[in-house]
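Counting with numbering that gives the first Met the number 0, you get residues 0 to 960 for the letters of the sequence shown.
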Amino acid sequence: MIRTLRASLALAAALCLFTSVPVRALDFPHLPRFGAAAHAAPASPPSGAWPQAGSDVRADPDIRFGVLANGLRYAIRRQSIPAGQAAIRLRFDAGSLMETDAQAGLAHFLEHMAFNGSKAVPEGEMVKILERLGLAFGADTNASTTFDQTVYKLDLPKTDDETVDTALKLLREAASELTIAPAAVDRERGVVLSEERSSDSPSYRVFKARQAFLLRGQLMPTRLPIGKVEVLKSAPASLIADFYRHYYRPERAVLVIAGDIDPAVIEAKIRARFGDWVAQGPAGPEPDLGKVAPRKTEAKLVIEPGAALNAQIVWVRPPDLRPDRLAKRRADVIEQLGFSVLNRRLSALARSPTPPFLGAVAFKTDQGRSAEVTMLNLAAQPDGWREALAALDREQRRAVQYGVRQDELDREIAEARAAAQAAVAGAATRRPAALADEIVSSLDDAQVVTSPADDLALFDAAVKGLKAETVSAALKAAFTGEGPLLFMASPRPIAGGETAILAEYAATRKLAVAAPSAPHAVVWPYTSFGAPGKVVETQDVTDLDAVFMRFGNGVRLTIKPTKFRDDEVLVRVNIGDGLAALPKDRQSLAFFGGAFIEGGLKQIDNEDTERVLAAQVYGARFSLGENAFVLSGATRTGDLETQMQVLAAYVSDPGWRGEAFRRQQTGARTVHDQMEATDSGVLNRELSGLLHAGDRRFTFPSRDELAKAQLGDLQAQIAPHLMSDPIEVVIVGDITVEKATEAVARTFGALPARAPAAPLPAAQLQVGFPAGAAAPMVLTHKGRADQAVGYVAWPTTDLWANPQRALDTDVMGQVMELRLIDELREAQGATYSPSVTYQHSQTWTGWGYLAASVEVPPARLDGFYRDVAKIAADLRTTPITADELARAKKPRLDGLQRSRLTNQYWLSELSGAQADPRRIDFIRKIIPGTERVTAADVQSAAQFVLQDDKAFRLEVKPAAK
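Below, the structure written as structure tokens:
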């Protein structure tokens, strides 16, 4: 897998701003958490040194840092919650920037070869060994390659000696013992080429063009991690081996282990396993990244059908290679606060009654070690680019000329402090994978890994007595460098092209800007919903540590106190019957669901809500579920009252503002073009409707339906249910039953009485499935001629028809996926990731399915259907082996066990449990039921499900040109 730059992730987020997610600078992955800087690192730290060796920043005292005599560095972090889990990462300072022209793409190709044979592990056995230990391929066993690093990732479901020792052995094999056999390389070519095909989308092509424009004359744009097709097709194994010897060396490697382990024991294991690693031959040279060239204002227009219109105004500077120091971190905090203020202003513009753009965001980040950039980003409609560009420029110049106000700064400080305090409160229960990834990510920038407590202390010290003038000066200084450079990607030509863009920018720069207006006073108006409700019924579900309650107004409350994550509380409010209550023959407007939250509340809009509640941690999301209209949020223990007030206000007094709906509708104008540009886009658009036999509750709206939809239509589908349908509140997390009950009593328990639930007509719960046919249905896309998707699905039944057979079918699906991977990926090298999915509905009577899918060139589609048919026939007629059964069940069981140690799992599983006790029973039975699945059960499930005459086949192929 290829992991792109953090800056590109930030840009992707910035260009999706017409969704319901508010624009907050701190939410984007390119921006570091407070206490860490986002600058390029020195070329490399001194041999064997961690960054703290040359810094006055204190490293996290809970991490054991070390270095072996051969130069390998390691970091070990004990995290006893959740018990028995750990994450291991092996990082190499080796990415696509280290390649030669003839090796373009081979750093990533080498990542694939790490799973394809070593001196002690035959080709094809590494993944199977891990599956026997409970690690699922992809979910728990993975790797990624970027411009400057390759990281191997193992998430361990257990930390017993066998699991840990095996994981370390396999990583040690990857470090220096790979065979890189020519035959294995040839088999893997198709897999890597499949990944290249899958990644080549309009947005990726825009990214490549942007990088080439911003970093003109530098190495990075010529060294994209996926590489060049001609190299991937023909490079000999020797070229991969050459890269391996030069860059997979102990002095370029870091091993990270976090989880429920004894650091002293793990340190001894690392020394024993990796201490004998000796680099062979000379080290590879460091790449010449090139220098930032002097440039004036320039423009670049890229026409990319299927892409949304987006534009950037960019200032480019040489990379900041200073070491990580406290003074530098303080400066970063101050600068980030300035960007947060600017982004808040841009968000307000996007939410205004006549928004000039769909969304916009500003930030400063690094482009590896090649450059530092400040970016202004916008997403707009193609016919609105002039207004969008002008508005973005005005806000940037307004911020530079007039700075930030103290009230704006104080708001951002309050919100950032709340986030930092929440991080401290939850520090003891962070997930091992998150901890390991945090340590690895610090290596990109040679940052000192710090504790959340020290981050909060640094933040408080940085903002103590902080004045707006200081932040204003820092923000102004960020908009310097070569340029500004204007980059625009459009789905269709723009009259005048780059000349018109430059002229528009020059014209708007001549217009004066006014100082920002001061805010109006605002208070949170939803603190009282009436007299607190009374609990009239209580039931303890002792074996699940849950409590069921019912209030006098009919509201049901389910509470499960947990200690999975300190200071985390998740809330879900289920109202009515969701999709099941909507007409089957009328297009659902679930696509516009984001406009419900963005529409705010009657007495206060979203901008003012975020301002007045800046010091609280809360969430508000809306979705249209199969069996409920769902409001949800995540909060911390002390803010549960606020969280419940926000969600209760959305139920009782939603704002239904038209500008929020129009904003989303405007963004939807090009959504069909974007989807039609790739095979996966077409599949995602059409599949749900097809699998539900055209039921309009599941189809994607047509262009005409999107264009003609009205806010009143959405309101008509949702509002009556919010006003009168039964309500169920589910609260899971670090909270007591008493506190949760009090918070709900004062909010949802105080609402007017709701009518009791009434059963829906049986016809509402009947959903069809497409008829089987020998010939596949054909859909077309407008992307590359070598991109295609094959898909085949069989109907099953709903979960309640036979819960144990559903579990048998799930395991059968896992076996089918193992065989597809063995055949299509390992033996044929035809595709990157064949997959099998399955679902047994808990809502729709008799509805469920099992499906296999693959991305391949069109010429291989017939072979895919033949291979699937052959595997299906064998599963029907021949019992699977004991090893296959173990490799299918063990990762699934371990995954279920790990899921049960998360609040998210229980929030989902307990939803609807009061009204339907079968859900509680299934929670109890899912693990023992999976454990008891036998080879005979798998064969029986295959005979029941995998019937040739019922198979629905679908393919998405390139349209004729």
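C-beta atoms are modelled at their ideal positions from N, C-alpha and C, and glycine is treated no differently.
Predicted model only: the values in this text are computed from it and were never measured.
Coil, strand or helix - THR880 by DSSP: Shown here, THR880 sits in coil according to DSSP, grouped into three states, outside any helix or strand.
On a CA-only basis, which of LYS781, LYS889 and ASP724 is nearest ARG753? Give me that one, please. ASP724
Provide the residue span of the alpha helix (DSSP H) that contains GLN268, from first to last. The question names Gln, yet the displayed sequence has Lys at residue 268. Note, LYS268: alpha helix (DSSP H), 262-273.
Just grab the DSSP bridge partners of THR149 for me. PHE91 and THR144, per the DSSP bridge assignment.
Using the beta-carbon count (16 or more within 10 Å), is THR880 buried or exposed? exposed
Does any CB atom of chain D fall closer than 8 Å to the CB of GLY305? Among the chains in the structure shown there is no chain D, since it carries only a single protein chain.
Given that a residue counts as buried once 16 or more other Cβ atoms are within 10 Å of its Cβ, and exposed if not, what is ASP444? buried
Could you check if HIS245 is buried or exposed, using at least 16 other CB atoms within 10 Å of its CB as the buried criterion? buried
Going by C-alpha distance, which of THR876, THR808, ALA579 and LEU900 is nearest VAL944? THR808
Using a Cβ distance threshold of 8 Å, determine whether the region 82-93 contacts the region 141-157, with at least three qualifying pairs required. yes
Give every residue of the same chain whose Cβ lies closer than 7 Å to the Cβ of ARG886, excluding the five residues on either side of it in the sequence, and list them in chain order. LYS127, GLU130, ARG131 and LEU817
Beta-carbon within less than 6 Å of PRO220's beta-carbon, same chain only, minus the 5 sequence neighbours each way: which residues are those? GLN210, ALA211 and LEU214
Check the DSSP bridge columns for LEU254 and list the partner residues they point to. Answer is TYR73 and LEU89, bridged to LEU254.
Please classify ILE312: is it buried, with 16 or more other beta-carbons within 10 angstroms of its beta-carbon, or exposed? A buried status is given to ILE312, since no fewer than 16 other beta-carbon atoms sit within 10 Å of its beta-carbon.
For the putative contact between LEU155 and ALA166, defined by C-beta atoms under 8 Å, what is the C-beta separation to the nearest angstrom? 6 Å
Leaving out the 5 sequence neighbours to the left and right, which residues in its chain are closer than 6 Å to LEU705 when beta-carbon positions are compared? ALA667
Could you check which residue in ASP948, SER631, VAL255 and LEU408 has the C-alpha nearest to that of SER441? VAL255
Is the Cβ-Cβ distance between GLY845 and GLU727 less than 8 Å? no
For GLY828, count neighbouring Cβ atoms within 10 angstroms of its own Cβ and tell me buried if that reaches 16, exposed if not. buried
Give me, in chain order, the residues of the same chain whose beta-carbon lies closer than 6 Å to that of ASP961; leave out the 5 immediate sequence neighbours on both sides. For residue 961 there is no data in the structure shown, the boundaries of the chain being 0 and 960.
Would you identify the three-state DSSP class for ARG620, choosing helix, strand or coil? Here DSSP, grouped into helix, strand and coil, assigns ARG620 to strand.
Return the chain-ordered list of same chain residues with a C-beta closer than 8 Å to the C-beta of GLY553, the five sequence neighbours on each side being excluded. PRO725, ILE726, ALA752, ARG753, ALA754 and PRO755
Simplified DSSP assignment, three categories, for LYS463: coil
With burial defined as no fewer than 16 other Cβ atoms inside 10 Å of the residue's Cβ, what is the status of GLN942: buried or exposed? By the 10 Å Cβ count, GLN942 comes out exposed.
Return yes when the Cβ of ALA739 is within less than 8 Å of the Cβ of ILE730, no when it is not. yes
Pick from ALA347, PRO518, LEU336 and ASP638 that is closest to LYS475, judged by C-alpha positions: LEU336
C-alpha distance - GLU411 paired with ARG343, whole-angstrom precision: 9 Å
If we count the other Cβ atoms within 10 Å of its Cβ and call it buried at 16 or more, is ARG952 buried or exposed? buried
Starting from SER631, trace the beta strand (DSSP E) both ways and give me its first and last residue. Its beta strand (DSSP E) spans residues 628-634.
Kindly give me the distance between the Cβ atoms of PRO802 and GLY847, rounded to whole angstroms, as I take these residues to be in contact under 8 Å. Their Cβ separation, rounded to whole angstroms, is 12 Å, which puts PRO802 and GLY847 out of contact at 8 Å.
Element boundaries [alpha helix (DSSP H), containing GLU407]: 405-424 is the span of the alpha helix (DSSP H), which, as asked, contains GLU407.
Out of ALA174, GLY482 and GLU250, state which residue places its alpha-carbon closest to the alpha-carbon of THR296. GLY482
Got a sec, what are the start and stop residues for the alpha helix (DSSP H) GLY680 sits in? 678-690 is the span of the alpha helix (DSSP H), which, as asked, contains GLY680.
Which residues does DSSP pair with PHE951 in a beta bridge? ALA792
Under 8 Å, with one C-beta from each stretch per pair, do the region 186-204 and the region 228-245 reach the 3-pair mark? Cβ pair count under 8 Å is three or more, so yes.
Comparing C-alpha positions only, which one of THR99, ALA82, PRO304 and GLY137 sits nearest to ASP159? For ASP159, the nearest C-alpha among the options comes from ALA82.
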